[in-house]
Structure formats: structure tokens, C-alpha cells
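The structure appears right after this line, and notes come after that.
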Ligand SMILES: C[S@@+](CC[C@H](N)C(=O)[O-])C[C@H]1O[C@@H](n2cnc3c(N)ncnc32)[C@H](O)[C@@H]1O
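Numbering (our numbering), first residue to last: 79 to 288.
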């Protein structure tokens with residue numbers, strides 16, 4: 079089904095009553111893919127983990143469950159999404175296990191090498207500059223730290239047809255792998271195993287030691 083432009087705009091930057099509804103839907107629609115990324119990262123109890131474009135924050139709650147002695151951060155440019163994620167995780171926020179920042183990938187408000195693991199699910203379509211975003215991720219990831227990126231590629235014809243191209247820019251798999259390489263990552267898994275869906279793609283990468 080083709081998504082109207084006003085819905086796609088809300089997925090990119092949710093606000094107002096419609097944005098609240100989109101946040102509600104999003105927390106269900108993307109859940110399996112968030113779990114796939116979280117599982118692939120093999121979260122340890124003391125890990126520091128960042129979810130970029132965390133949306134309504136369901137993934138943050140799962141990360142807090144898996145890393146109760148670590149630190150979980152979310153970043154999202156939408157104030158509504160930040161508030162929703164804080165509300166969903168309020169007990170963990172109060173306990174300072176979870177923190178949610180209003181920020182985009184272009185300027186993450188975290189120290190260099192702050193995180194062991196980072197995930198980013200269905201967000202790359204909205205970045206203004208893929209290479210700059212990956213460089214910023216490399217900055218906040220520890221050397222050897224792992225990144226899980228989930229996204230639909232330009233090869234997914236159904237997705238390209240369904241989402242307005244003025245809002246969703248689907249990258250090629252090769253383009254993302256090349257940009258990861260340039261940003262100082264080595265790609266661990268470029269192709270899903272036979273049992274995993276081809277789309278959306280799950281790319282795992284490690285930040286190379288400097
Ligand atoms: C399709 S939603 C996915 C949310 C969540 N990752 C999930 O899987 O449910 C895209 C999210 O990316 C956020 N976003 C948009 N542009 C962004 C950017 N430049 N950097 C980080 N997040 C961004 C949006 O506010 C929105 O919450």
C-alpha cells in the first residue's frame with residue numbers, strides 16, 4: 079500500500095496528535111527488526127548501548143533489560159519521540175540507566191568512544207549525509223565496538239513503490255558498505271543467512287582500531 083506523504087513525513091519527524099498515533103504504530107511495526115538488531119549485537123550486562131533514531135523507545139526498554147549494569151542512550155530529533163521514549167522508560171530514566179537525547183545522527187551529544195554497541199533501525203533513509211552520519215557514529219563508538227544497521231535498500235522494489243521518494247531515500251547495499259569502509263568500519267556480515275529475510279537488510283560492522 080502506498081503511504082501518503084503526510085504519513086511518511088511523520089515517520090521522519092513525528093509531531094502533534096498524528097505523530098503520537100504514528101509512534102504507537104511504529105512501536106509495533108518495527109519491533110521484529112529491532113529485536114533482530116539487538117540479538118545480533120549480543121548485548122552484555124555492562125554494555126553501553128546507543129539507539130540512534132530510537133523513536134518511541136521500545137528498543138531502549140529491551141536494551142535496559144539486557145544491560146542492567148550498563149548505560150542505555152537513545153537519540154532522536156523529534157521532541158515527541160523523545161518524550162514518548164522517556165515516558166515509556168521512566169523508571170529506568172529515574173534510575174539513570176536510560177537517557178534520551180533530542181539529537182540527530184549528524185551531531186550526537188556524547189563523548190568520543192562512549193559506546194560499546196550502537197543500533198539504528200529504519201533511520202538511514204532520513205539522513206542528510208550518509209558518510210557524515212557514519213563518521214559521527216564511529217566517533218562515539220569504542221574501537222572494536224559494533225554497529226547494527228537495519229534498512230531497506232533501493233533493491234526492494236515494493237518499498238521504493240510504497241514510500242514517497244521525497245521523504246525516503248533508500249540507499250544501495252553497496253553504497254552503505256562503501257560508506258562504512260570510508261568511515262573506518264569493517265563489515266562483519268554483509269549478507270543475511272539463508273533463514274533471515276533479504277529485506278530489510280541487517281548490516282553488522284565493527285569500528286576498526288585506530
Ligand atoms: C521509521 S522511525 C524508526 C524508529 C525506530 N528506530 C524503530 O525502529 O521503531 C525513524 C526515526 O528516525 C528519527 N530520525 C529522523 N531523522 C533522523 C536523523 N537524521 N538522525 C537520527 N534519527 C532520525 C525519526 O524521528 C524517527 O523516530
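For every residue, glycine included, the Cβ atom is placed at its ideal position computed from N, Cα and C.
Near ligand 1: residue i beta-carbon under 7 Å from a heavy atom
i: residue 218; result: no
i: residue 152; result: no
i: residue 245; result: no
i: residue 86; result: no
i: residue 83; result: no
i: residue 184; result: yes
i: residue 108; result: yes
i: residue 278; result: no
i: residue 90; result: yes
i: residue 200; result: yes
Contact belief for residue i with residue j at Cβ below 8 Å, rounded distance in angstroms
i: residue 150; j: residue 138; result: 6 Å
Under 8 Å between C-beta atoms of residue i and residue j
i: residue 266; j: residue 287; result: no
i: residue 216; j: residue 285; result: yes
i: residue 134; j: residue 110; result: no
i: residue 258; j: residue 226; result: no
i: residue 92; j: residue 86; result: no
i: residue 214; j: residue 184; result: yes
i: residue 105; j: residue 136; result: yes
i: residue 195; j: residue 127; result: yes
i: residue 145; j: residue 170; result: no
Neighbour-count burial assignment, residue i, 16 or more Cβ in a 10 Å radius
i: residue 121; result: buried
i: residue 88; result: buried
i: residue 276; result: exposed
i: residue 116; result: buried
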